[in-house]
Amino acid sequence: MNEYVAKALAIDCDSVSRYLVERLREYIEESGLKGGVLGLSGGVDSSVVAVLLAKATENFFLLLMPSSSTPPRDMEDAMKIVKMLNAEGKYAVIYIDDYVKALADAAKVEDKKIVGNIKARIRMTLLYAYAQKLGYLVVGTGDKSELMLGYFTKYGDGGVDVLPIGDLYKTQVRQLGKCLGVPEEIVSKPPSPALWEGQTAEGELGVDYETIDSILYLRYEEMRTREEIASMLGIDMSVVDKIDSLVRRSQHKRLPPEIFRLSGRAIGSDWRYPRRYWNVRPWA
Amino acid sequence: MKIELAQIRPILGDVERNFLKHKEIVETSDSDCVVFPELSLTGYVLKDLTFELFRYSEMAVERLIDVAGNKCVVAGTIKEVRPGILRNSAAVIVGGRIDYVYKFYLPTYGLFEERRYFQRGDPARDLKIFRHAGVNFGVMICEDAWHPEPAEALALMGADLILVPAASPMRRLSKSLAIQDSWEALLKAHALMNSVWMVFVNTVGAQEEEFFWGGSMVVSPLGEVKLRLKTFEEDRATYDIDFEELRRARFFSSFRDHISSFHRVLARL
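Quick mapping for you: the protein sequence lines, in order, are chains A and B. Just so we're aligned, residue 3 is where the first sequence starts under the numbering used here, counting upward by one. Just so we're aligned, residue 64 is where the second sequence starts under the numbering used here, counting upward by one.
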């Protein structure tokens, strides 16, 4: 990674993890719910969030939802996290192939991307069912790189209540993973949504995460030009443009759906309230 | 003069709970003056709740009078100065009477959107000096400390102590807490340039996406940080301000030399 960017993206692990754990604890408490449930894939993002969640509350639940396209190694890695967190009795394994097939058949689809998205949305459905059953929140595991690129399924892994590591790039999540004691083989594993066999994020995107994160940081946090970034990173401008285009085209995934304006005051426009709208009480 | 820095974590939008916290702190304080953060009665990231909450926060201020007794209390609130015109304010309760200090510089950049909701104060009318426990002091709110004029004006108008209620959110935790270094530099500069005591009381805790970092501090007229509160958690502490130190600092500073013609130049810019 470019030295300048590496320095900018270096995190103080202790303070960042303490901060995230405390915010997660507080978020759960304020929501009035009892704990959090998350989908554990055996990748670095969900492993890191699982560790943070387990530090924030003893009321956590890990759902492992493999399909036929899940590499066996991912399940082994997920079980390492289950053990590491002493989550005996706080996890479940649900094989989702039957449900995927049923929905794909019902929709008459075979395309691997469409079926892949069905998988992600089945997992979301199961997570919410568990959350409601247990009185927990659904804790998302998306990182900033994925969110910026739109590299997630809308209402699939994107369908969550809170995103604790949503402001950390993938390479920063790896740093956090290391200092939280997530096993090295999980931290260094090539990221993959595993929605179909052989899928890897870097293969699909055509760019490695160190480069992706460097471009995202320089383009959107330091607001540098495409030319400058290409020259700083020693890469072709087309790579910068590709990332740029992914970010711009996926904007709809990061925002609530557009509402067509008619009234004097409309949601999403000039009706702007904080999430903690419920805190307001009439006071006499 | 003994000052209490009440670095609280307001519950966004819950004026009643915030009022009860103010009450408890004021009632249990052995100080002469209790200072709360900016918008301490309402929380900061209010968005359109501003329009719903100003009445409650005004009521809360009225009730603080009874709680205050002989103490002075500075609390963050919204003040409706004319029907429909709201200002980001500090209620200053001294001797059982309420007065208001309004924020002049309303940040509207990055995550801030204050000018969407508030009208700014008018320096010609709204710069005020208060007197309590034998001390002349002024109050300026958060962003006003990022400009030279409010502190300079208060000091020249007679303030020996400037209270700065604030709601400063954390950015870039990945490195050191850069915003804390910036604030410390600003407070030291104001203290040194104006030969005054500076008391900064920041909000702490999460409000929506943001997180306020706390780290309230007292800075002497010689630019030394005399008291530091915790970062990232609620905290309260008192500091006994020594005005002999202020006197000595002024003997050996050029504070007395104010060349007002600079301001005639500034006024034309």
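Just so you know, even glycine gets a beta-carbon here, dropped at the ideal spot from N, CA and C. Quick caveat: nothing in here was measured; it's all calculated off a predicted structure.
- Using a CB distance below 7 Å, the part of the segment 17 to 37 of chain A facing chain B consists of SER17, VAL18, TYR21, ARG25 and GLU28, ordered along the chain.
- Between A:ASP215 and A:THR143, the C-beta spacing is not below 8 Å.
- Boundaries for B:ILE74: no alpha helix (DSSP H) harbours it, and the DSSP string shows neither H nor E there.
- Close to A:PRO185, with beta-carbon spacing below 9 Å, lies no residue of chain B; the smallest spacing is near 24 Å.
- Under the DSSP assignment, A:GLY38 falls outside any alpha helix (DSSP H), being part of the beta strand (DSSP E) whose first and last residues are 37 to 41.
- Burial is judged here by how many other beta carbons sit within 10 angstroms of a residue's own beta carbon; A:TRP273 has fewer than 16 and is exposed.
- Along the segment 66 to 87 of chain B, the positions whose C-beta sits under 7 Å from a C-beta of chain A are ILE74, LEU75, GLY76, ASP77, VAL78 and GLU79, read in chain order.
- In this structure, A:GLY160 sits away from A:LYS244, with a CB-CB distance that is not shorter than 8 Å.
- Boundaries of the beta strand (DSSP E) around B:TRP260: 260 to 265.
- Using a Cβ-Cβ cut-off of 8 Å, B:TYR180 does not count as an interface residue toward chain A, since no Cβ of chain A sits closer than that to its own.
- Between B:LEU68 and B:VAL89, the beta carbon gap of about 13 Å keeps them out of contact (Cβ cut-off 8 Å).
- Between A:TRP280 and A:THR227, the alpha-carbon positions lie close to 42 Å from each other.
- Note on geometry: alpha-carbon atoms of B:ASP185 and B:ILE225 lie some 18 Å from one another.
- Per DSSP, B:TYR168 is not a residue of any beta strand (DSSP E), being assigned neither H nor E.
- For secondary structure counted as the beta strand (DSSP E) over 3 or more consecutive residues, the segment 81 to 142 of chain A holds these complete runs in sequence order: 93 to 95 and 138 to 140.
- Residue burial is scored here from C-beta neighbours: A:ARG20 has fewer than 16 other C-beta atoms within 10 angstroms and is therefore classed as exposed.
- For B:ASP111, the nearest beta carbon of chain A is closer than 8 Å to its own beta carbon.
- Counting C-beta atoms within 10 angstroms of its own C-beta, A:LYS36 has fewer than 16 neighbours from the protein chains shown and is therefore classed as exposed.
- Chain-order list of chain A residues neighbouring B:GLU271: PRO276, ARG277 and ARG278, by C-beta distance under 8 Å.
- Proximity of the segment 178 to 185 of chain A to the segment 197 to 208 of chain A falls short of the contact definition, fewer than three beta-carbon pairs being nearer than 8 Å.
- Those residues of the segment 98 to 124 of chain B placed with their C-beta closer than 9 Å to a C-beta in chain A are GLY106, VAL108, LEU109, LYS110, ASP111, LEU112, GLU115, LEU116, ARG118, TYR119, MET122 and ALA123, ordered along the chain.
- Shortest Cα-Cα distance from B:CYS96 to any of B:PHE325, B:LEU329, B:ALA241 and B:PHE200 involves B:PHE200.
- Distance from the CA atom of A:LEU248 to the CA atom of A:GLY152, rounded to whole angstroms, is 7 Å.
- Within the segment 219 to 255 of chain B, the runs of beta strand (DSSP E) at least 3 residues long that lie entirely inside it are, in chain order, 224 to 229.
- Taking B:GLU215 as the centre and dropping the five residues before and after it, the same chain places the C-beta of MET256 and ASN257 closer than 8 Å to its C-beta, in chain order.
- B:GLU101 and A:ALA12 have their C-alpha atoms roughly 32 Å apart.
- By the rule that beta-carbons nearer than 8 Å mark a contact, B:PHE193 does not touch chain A.
- Closest by C-alpha distance to A:TYR157, out of A:GLY45, A:GLY183, A:THR127 and A:ALA109, is A:THR127.
- The beta-bridge partner set that DSSP reports for A:LYS180 is empty.
- Contacts with chain B at 8 Å (Cβ-Cβ) do not include A:ASN4.
- Neighbours of B:PHE274 in chain A, taken as residues at a C-beta separation under 8 Å, are given in chain order as TYR21 and ARG25.
- When DSSP states are grouped into helix, strand and coil, B:GLY197 belongs to the coil group.
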